[in-house]
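Q:
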DNA sequence: TCTGTCACG
DNA sequence: ACGTACGTGACAGAA
């Protein structure tokens, strides 16, 4: 049996050290992370360097200890623990748990005493021990078997105190450290010591007389001096101080060496916490290390030609792509794994093979995949279809927890579900400029590992989804939707290059003029697109008042500039410049770059990304094409049908979120308002302002509209006051009036928060979940955010469910009726089609009908629609 | 790579 | 006393 080694850690002391050694870092959610980060670094180092067989992190228990009975001012006058630190203890404890390091605290005792007692036990058994702390008091425990390591500068630099080192440094034995404290005291613990005696004097005395007791026994030997007077006058204080500084080595602890074995970290859990806290460097480093981990061998056959006996009834299919731009990227390899065989082939060859294509298109042959939509898009590039997709690991994982699948590759998802036999992509490919596709067996083995993981995880993940009653959502909504979306993406949307170019030329001219004017007004040339330079010009050179600050300097955001309008003529020019610049860079130049050879853009919908269930759209993003401002809206003139003489048709849900809220809350008034098809904002205005319909002014309606938005977002008086430029008080009154007028809504909101607190998640009408661990946080900000999310997600998410269902229904209708109409785009609450004119009449009835009846709620769904020669004209 | 800004629902 | 509306993606500039 290998040698045992015990590591005992003073948790509080290390947390404090970490906190003060590092600047106050925060992650994106506003959680302070410096102490947690520093603590993690220390743990990593300790575990790596010491390789303990046993380990314990000891914590201080409460405010009082047995030492307070001796000396009530013990540790008095200490600064209160900063709240930025105390909030981090939750995460530190979670982390220690994930590392699977035993933790212990004992009422009335300090961490020191727990460590002292355990180290005594270890010594009795002749076991090597390492004590780690930021507090030099602990050095009294040093012995031939026990090394005490104390943090030096920074966080991971430790000074090793052996008896020899203590001798060298102080000329004392470890036990004399106690006597030293007795004489000189300790300001941080409020141990008095003998006034006027410092380290030097204490050491001198102890070298001569060994102990505090020895010093006083030899008082008569000392010649009269100021120091002697002080020693005599404070004898009792010296004894009390020594007592306080003595670590209790026989504390009544309920742990012993047998109960603190250290099994090593649960890296899966550790990673989850690191991800939550956004410890990116640590994650990267550990991903790098994990690739050196030995995986079990896999067997497979590299083939150059498909044979019919390769294909089984049910298989996992994996298509390895160079990057995630699956409409254009290289297809590196294709692997198939079934009950019997594992085969892998070079990518392009695989897809060019007729036998493979036939298998892909055979609906009766079941395929388990990771990202069905991507594979389908790839198949399309080779003129075939992917049919019979029976499982999608990406979507299944996303449904089980939407926060999980985003930004995670197959390997980490697989690990999450207990299958660790896949390397991380990054480990094989490298990243950034160094990224390079693996070749040969390395690539082939990777593909087989992925396919094997998918093969094995189907049952695991599906049974999980069944347990949470989410199988239906996954199997009958998301999975079929993947095919619908794949079809839309591959088909693409025609964008007219010439229209965009013409707009670009005109914009360029205008931008140059505006730029010139701005530079003249500023009296110098500078980069208007640089918030930093612009800030200097506006708030220093021109002396305008800086209303808001950002982390890095002055805020020059539009809402700030709007408040400055009228104070200087440069402001409106800058706003215009920004507006047009945005159009030019993002929507003219950006969009032009995305047009493929076929004259179309092929966006990718991210189906497993958002935490609410919405889709997102990238390369290009077609869900944020300008509309609100006329100049931008003209961009939509470039979006045209792909066939001459066809038209674009757009249909959008009218107030779907408010309708969903009416349904979910069952608020009588709100439900009735929708059933009677009244103008909801006017109705809200009547209730909030207590006026009749004909007395509602346009301003009141505008305010009511903002209140309705606020309600959906999880309202705060501050937020509403900002959007309406009114005082917080007034905003609060509006909200109050609203919630009194619509008591069902108030109840719904309260319930949403209560549900989140009780179960840890909220749900949509189709049982989509979003976990909200922050709902119980003691941090005001985090909790507030979680509460608003708890109110918003069921609404936004249910609306997303509904339109997804409508898309599947619509796709089927088009198919069954043999229509030529194509669904092109989804923009959260609207669908855009291209339609041959002879189908227009049908589509104008069919689309609204399908959308309105995708689900039956207790309020009707309403769809507005329009058609035109370009997207611009569908209004 | 991060930050600020701004486009959409 | 805290400092906030919910959900996204792309771009330019500054490190």
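In the numbering used here, the protein residues as written are 69 to 943. Ideal placement from N, C-alpha and C gives every residue a C-beta, glycine not left out. Predicted model only: the values in this text are computed from it and were never measured.
(1) Return the CA-CA distance between residue 757 and residue 809, expressed in angstroms with no decimal places.
(2) Write down the C-beta distance between residue 935 and residue 717 rounded to the nearest angstrom, noting that I regard them as a contact closer than 8 angstroms.
(3) State whether the stretch 724-741 contacts the stretch 686-694, with contact taken as three or more CB pairs (one from each stretch) at a distance under 8 angstroms.
(4) Which first and last residues belong to the beta strand (DSSP E) in which residue 219 is found?
(5) What is the DSSP secondary structure of residue 375, counted as helix, strand or coil?
(6) May I ask you to list the residues that DSSP assigns as paired with residue 259?
(7) Considering Cα atoms alone, identify which of 671, 836, 802 is closest to residue 12.
(8) Taking C-beta to C-beta, are residue 673 and residue 807 nearer than 8 angstroms?
(9) Cβ atoms of residue 579 and residue 645: under 8 angstroms apart, would you say?
(10) Compare the beta carbon distance of residue 411 and residue 701 with 8 angstroms and say whether it is the shorter of the two.
(11) Classify residue 176 as helix, strand or coil using the three-state DSSP reduction.
(12) Where do the N-terminal and C-terminal ends of the alpha helix (DSSP H) with residue 388 fall, by residue?
(13) Buried or exposed for residue 635, please, with buried defined as at least 16 other CB atoms from any protein chain shown within 10 angstroms of its CB.
(14) Where do the N-terminal and C-terminal ends of the alpha helix (DSSP H) with residue 894 fall, by residue?
(15) Using the beta-carbon count (16 or more within 10 Å), is residue 743 buried or exposed?
(16) Report the CB separation of residue 381 from residue 434 in whole angstroms; it is logged as a contact under 8 angstroms.
(17) Could you pull out every residue in the same chain whose Cβ sits closer than 6 angstroms to the Cβ of residue 425, ignoring the five residues on either side in sequence?
(18) Would you tell me roughly how many angstroms separate the C-alpha atoms of residue 587 and residue 594, rounded to the nearest one?
(19) Could you give the distance in angstroms between the alpha-carbon of residue 977 and the alpha-carbon of residue 103?
(20) By alpha-carbon positions, which one of 307, 273, 168 ends up nearest to residue 1023?
(21) In the structure shown, what three-state DSSP assignment does residue 85 receive?
(22) Report yes if the C-beta distance between residue 518 and residue 568 is below 8 angstroms; otherwise report no.
(23) Using only the alpha-carbon positions, how far apart do residue 15 and residue 726 sit?
(24) Residues in the same chain with beta-carbon distance under 6 angstroms from residue 61, minus the five sequence neighbours each way, listed in chain order, please.
(25) To which residues of the same chain is residue 334 closer than 8 angstroms at the C-beta, ignoring the five residues directly before and after it?
(26) Give the secondary structure of residue 800 by DSSP, where H, G and I count as helix, E and B as strand, and everything else as coil.
(27) Using the three-state DSSP reduction, which class does residue 458 fall into: helix, strand or coil?
(28) My output table needs one value for residue 794: the three-state DSSP class, helix, strand or coil.
(29) Between which two residues does the alpha helix (DSSP H) holding residue 829 run?
(30) Going by DSSP, what residue range makes up the beta strand (DSSP E) through residue 197?
(31) Can you say whether residue 287 is buried or exposed, counting buried as having 16 or more other CB atoms within 10 angstroms of its CB?
(32) Out of curiosity, what's the CA-to-CA distance linking residue 526 and residue 146?
(33) Within 7 angstroms: the Cβ of residue 101 and any heavy atom of the ligand ATP?
(34) Are the CB atoms of residue 248 and residue 266 nearer to each other than 8 angstroms?
(35) Figure out for me which residue from 681, 625, 571, 618 has the closest Cα to the Cα of residue 596.
(36) Three or more C-beta pairs closer than 8 angstroms, one from the stretch 507-518 and one from the stretch 399-414: is that the case here?
A: Walking through what the data contain:
(1) Taking the first chain and counting its residues from 1, one reaches residue 757 at position 689. Taking the first chain and counting its residues from 1, one reaches residue 809 at position 741. Cα to Cα, the separation comes out at about 10 angstroms.
(2) To locate residue 935, count along the first chain from 1; it is residue 867. To locate residue 717, count along the first chain from 1; it is residue 649. About 4 angstroms; that satisfies the 8 angstroms criterion.
(3) no
(4) On the first chain, position 151 is the one that residue 219 refers to. Where residue 219 is concerned, the enclosing beta strand (DSSP E) stretches over 214-219.
(5) Along the first chain, one-based indexing puts residue 375 at 307. Residue 375 falls in the coil class under three-state DSSP.
(6) Taking the first residue of the first chain as position 1, residue 259 is located at position 191. Residue 259 is bridged to 254.
(7) This structure cannot settle anything about residue 12, because the visible part of the chain is limited to 69 through 943.
(8) Sequence index remark: in the first chain, residue 673 carries index 605 (1-based). Sequence index remark: in the first chain, residue 807 carries index 739 (1-based). Cβ atoms of residue 673 and residue 807: not closer than 8 angstroms.
(9) Against the first chain, residue 645 aligns to sequence position 577. Against the first chain, residue 579 aligns to sequence position 511. In contact: residue 645 and residue 579 (Cβ atoms closer than 8 angstroms).
(10) Residue numbering aside, residue 411 sits at position 343 when the first chain is read from its first letter. Residue numbering aside, residue 701 sits at position 633 when the first chain is read from its first letter. No, Cβ-Cβ distance for residue 411 and residue 701 is not below 8 angstroms.
(11) Counted from its first residue, the first chain places residue 176 at position 108. Residue state, collapsed to three classes: strand.
(12) For the purposes of this step, residue 388 is identified with residue 320 of the first chain, where counting begins at 1. Run containing residue 388: none in the alpha helix (DSSP H); it sits in the beta strand (DSSP E), 382-389.
(13) Taking the first chain and counting its residues from 1, one reaches residue 635 at position 567. By the neighbour-count rule (16 or more Cβ atoms within 10 Å), residue 635 is not buried but exposed.
(14) Position 826 of the first chain holds residue 894. Here residue 894 belongs to no alpha helix (DSSP H); instead the beta strand (DSSP E) covers 890-894.
(15) For the purposes of this step, residue 743 is taken as residue 675 along the first chain, with counting starting at 1. It is exposed - the Cβ of residue 743 has fewer than 16 other Cβ atoms within 10 Å.
(16) Here residue 381 refers to the residue found at position 313 of the first chain. Here residue 434 refers to the residue found at position 366 of the first chain. Contact holds; Cβ gap of about 7 angstroms.
(17) Here residue 425 refers to the residue found at position 357 of the first chain. So the list reads 452, once near-sequence residues are dropped.
(18) Counted from its first residue, the first chain places residue 587 at position 519. Counted from its first residue, the first chain places residue 594 at position 526. Each residue's Cα considered, the two are about 7 angstroms apart.
(19) As shown, the chain starts at 69 and ends at 943. That puts residue 977 outside it, with no answer to give.
(20) Look at the range of the chain in this structure, 69 to 943, and you will see that residue 1023 is not part of it.
(21) Taking the first residue of the first chain as 1, we reach residue 85 at position 17. Residue state, collapsed to three classes: helix.
(22) Taking the first residue of the first chain as 1, we reach residue 518 at position 450. Taking the first residue of the first chain as 1, we reach residue 568 at position 500. The answer is no: Cβ separation not under 8 angstroms.
(23) Only positions 69 to 943 of the chain appear in the structure, and residue 15 is not among them; the question remains open.
(24) In the structure as shown, the chain starts at 69 and stops at 943, and residue 61 therefore has no counterpart that could be examined.
(25) Residue 334 sits at position 266 when you count from the first residue of the first chain. Answer for residue 334: 166, 167, 168, listed in chain order.
(26) For the purposes of this step, residue 800 is taken as the residue at position 732 of the first chain. The answer is helix: DSSP assigns residue 800 an H, G or I state.
(27) To locate residue 458, count along the first chain from 1; it is residue 390. Residue 458: strand per DSSP, three-state reduction.
(28) On the first chain, position 726 is the one that residue 794 refers to. Here residue 794 sits in coil by DSSP.
(29) Reading the first chain from its first residue, position 761 is the one you call residue 829. Per DSSP, residue 829 belongs to no alpha helix (DSSP H); it is in the beta strand (DSSP E), 829-831.
(30) Taking the first chain and counting its residues from 1, one reaches residue 197 at position 129. Unbroken beta strand (DSSP E) run through residue 197: 196-201.
(31) Mapped onto the first chain, residue 287 falls at position 219. Classification of residue 287: exposed, given that the 10 Å Cβ count is below 16.
(32) On the first chain, residue 526 is found 458 positions in, with the first residue counted as 1. On the first chain, residue 146 is found 78 positions in, with the first residue counted as 1. So the alpha carbons of these two residues sit roughly 57 angstroms apart.
(33) Of the ligands one can find in the structure shown there are none, so the ligand ATP has no counterpart to examine.
(34) Looking up residue 248 in the first chain gives position 180. Looking up residue 266 in the first chain gives position 198. The answer is no: Cβ separation not under 8 angstroms.
(35) Here residue 596 refers to the residue found at position 528 of the first chain. Minimum Cα distance to residue 596 is reached at 625.
(36) yes
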